[in-house]
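In this note's numbering, the protein residues as written are 39 to 130.
We treat Cβ as the ideally placed atom computed from N, Cα and C, and that holds for glycine.
From a predicted model like this one, the values you see are computed outputs, not experimental measurements.
In what follows, a structure is listed as structure tokens, so that the remarks can point back to it.
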């Protein structure tokens with residue numbers, strides 16, 4: 039699948055009629071789901087790391103160090119998402 043960039047999104051929005059630009063933003067995740075309201079635009083405040091052996095073990099370094107204490111080994115983690123990465127959120 040070809041990537042769809044923020045620049046392409048901005049261009050598409052700018053080409054919408056003004057009336058459509060003022061409507062609630064929505065997203066459809068897959069063919070089987072209904073549309074969901076986009077509630078905000080946000081950027082990550084910290085880098086997010088993921089454990090190489092456990093996808094559920096992820097977070098920013100401060101949180102991971104607090105959760106694992108002396109057992110924390112940064113070599114067990116890889117950078118998953120960089121600080122400043124932009125997202126459209128559906129969370130309230």
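- Task: Determine, using beta-carbon pairs with one atom in the region 54-71 and one in the region 88-103, whether at least three such pairs fall under 8 Å.
- Result: Cβ pair count under 8 Å is below three, so no.
- Same chain, Cβ closer than 8 Å to residue 22, five either side skipped, listed in chain order: Any property of residue 22 remains undetermined from this structure, which presents the chain solely from 39 to 130.
- Query: Taking the continuous beta strand (DSSP E) assigned at residue 49, which residues delimit it?
  - Reply: Residue range 44-52 is occupied by the alpha helix (DSSP H) that includes residue 49, with no beta strand (DSSP E) assigned at that position.
- Closest Cα partner of residue 72 within the set 64, 110 and 125: Ranking 64, 110 and 125 by Cα distance to residue 72 puts 64 first.
- Message: For residue 102, count the other beta carbons within 10 Å of its own beta carbon; 16 or more makes it buried, fewer makes it exposed. Which is it?
- Response: Answer is buried; the Cβ neighbour count reaches 16.
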